[in-house]
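Report on the structure given below.
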Amino acid sequence: MELILYPFKNIVFNKNSVLLDASFVLSLIYDDDIKHSDCLSCLKQLSEGSSQFYTTSIISAEVLNQILYKLFISDIESKINNTSPYNSIDNIRSITGSFSRHDTKILKQRKEDRLIHIPYKRYFDNISKNSMRRNLLNIYYNKSVEIISELEKIINIKYLNISEECISLVKIFMCENLLSVNDAFHLATAEYNNIDFLLTLDGDFLFAESSKMKILKI
1 MELILYPFKN
11 IVFNKNSVLL
21 DASFVLSLIY
31 DDDIKHSDCL
41 SCLKQLSEGS
51 SQFYTTSIIS
61 AEVLNQILYK
71 LFISDIESKI
81 NNTSPYNSID
91 NIRSITGSFS
101 RHDTKILKQR
111 KEDRLIHIPY
121 KRYFDNISKN
131 SMRRNLLNIY
141 YNKSVEIISE
151 LEKIINIKYL
161 NISEECISLV
171 KIFMCENLLS
181 VNDAFHLATA
191 EYNNIDFLLT
201 LDGDFLFAES
211 SKMKILKI
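Here the sequence shown stands for residues 1 to 218, numbered as in UniProt numbering.
Encoded structure:
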């Protein structure tokens, strides 16, 4: 594994293939992310070098999942943050109506330091499994798909296949480098498909000593 740290001043990108990790994509999407401006600058540098961007079904699933919950949380906290919600006010009221009294009190009293303790994911998942209430979440599913589809279209992201041979490499990275399942899949898919670079904000790839991959780390 070769680690290359941002800014990539000593690299001349020329029609390189680049696998975009979920951490990079999410930071690119959200302009309030601390690394957003760096990701934009990096994307510009790569685009000017006519790079081809790639993703995988697993990376896309990670991104969609994160967007889904972030949109949900954003709506629940919209009054506190003085932002416009995606969902209707009535639907948001119905959603928070399923929250515990303790969590509802935190929202009503706008105790920002305690918002982090509200189990938003559990509430979302509970509603999504309720046949009578799951339609309250329609907007979050539709909006998350819209956001990722628009990004894929704008920068022309292509999907890599995860083959049986690739999975054998995943197992090697997991056992030899103790990488998480998803990180092992990202690295193996990039290496097996002869991708030039893996672009990430994640530090876990540092442990992939047995890989030949070049890691662009922001």
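Yeah, the Cβ is synthetic: ideal placement off N, Cα and C, and Gly gets one too. Owing to the predicted nature of the structure, the values given are computational and were not obtained by experimental measurement.
Considering Cα atoms alone, identify which of the options is closest to residue i.
| i | options | result |
| --- | --- | --- |
| isoleucine 92 | Arg122, Tyr140, Asp202 and Ile116 | Tyr140 |
| phenylalanine 24 | Asp38, Asn14, Asn16 and Ser17 | Asp38 |
| serine 17 | Lys111, Arg110, Asn130 and Asn193 | Asn193 |
| isoleucine 195 | Pro119, Asn161, Cys175 and Met174 | Asn161 |
| tyrosine 30 | Ile147, Asp202 and Leu206 | Ile147 |
| phenylalanine 8 | Leu19, Leu28, Ser27 and Lys44 | Lys44 |
| lysine 217 | Asp204, Ser210, Ser211 and Glu209 | Asp204 |
| glutamate 176 | Ser211, Leu20, Asp202 and Ile215 | Ser211 |
Can you grab the Cα-Cα spacing for the pair residue i / residue j, in whole Å?
| i | j | result |
| --- | --- | --- |
| valine 12 | glycine 49 | 7 Å |
| isoleucine 154 | asparagine 87 | 26 Å |
| tyrosine 54 | arginine 101 | 45 Å |
| asparagine 81 | leucine 107 | 11 Å |
| glycine 97 | leucine 68 | 20 Å |
| aspartate 33 | leucine 169 | 33 Å |
| tyrosine 120 | lysine 15 | 42 Å |
| lysine 129 | asparagine 65 | 16 Å |
| leucine 178 | phenylalanine 207 | 8 Å |
| lysine 70 | asparagine 138 | 14 Å |
| asparagine 142 | methionine 132 | 19 Å |
| tyrosine 6 | threonine 104 | 43 Å |
| serine 144 | serine 41 | 24 Å |
Among the residues of its own chain, which have a CB less than 6 Å from the CB of residue i, if the five just before and after it don't count?
| i | result |
| --- | --- |
| isoleucine 95 | Leu136 |
Which residues in the same chain as residue i place their Cβ atom closer than 8 Å to its Cβ, once the five residues preceding and following it in sequence are excluded?
| i | result |
| --- | --- |
| serine 78 | Ser84, Pro85 and Ile92 |
| histidine 36 | Ser27, Leu28 and Tyr30 |
Near residue i, what residues of its chain come up, given a Cβ to Cβ distance below 7 Å and the 5 sequence neighbours on each side ignored?
| i | result |
| --- | --- |
| methionine 213 | Met1, Leu187, Ala190, Glu191 and Leu198 |
| leucine 115 | Glu77 and Ile106 |
| tyrosine 123 | Ser98 and Phe99 |
| alanine 184 | Val170, Phe173 and Met174 |
According to DSSP, is residue i part of a helix, a strand, or is it coil?
| i | result |
| --- | --- |
| glutamine 66 | helix |
| valine 12 | coil |
| glutamate 51 | Per the sequence presented here, residue 51 reads as serine, with glutamate not at that position. Reduced to three states, the DSSP call for serine 51 is coil. |
| tyrosine 30 | coil |
| tyrosine 86 | coil |
| lysine 79 | helix |
| lysine 153 | helix |
DSSP beta-bridge partners for residue i?
| i | result |
| --- | --- |
| lysine 217 | Leu5 and Thr200 |
| leucine 20 | Leu199 |
| tyrosine 120 | Its beta-bridge partners do not exist; DSSP assigns none. |
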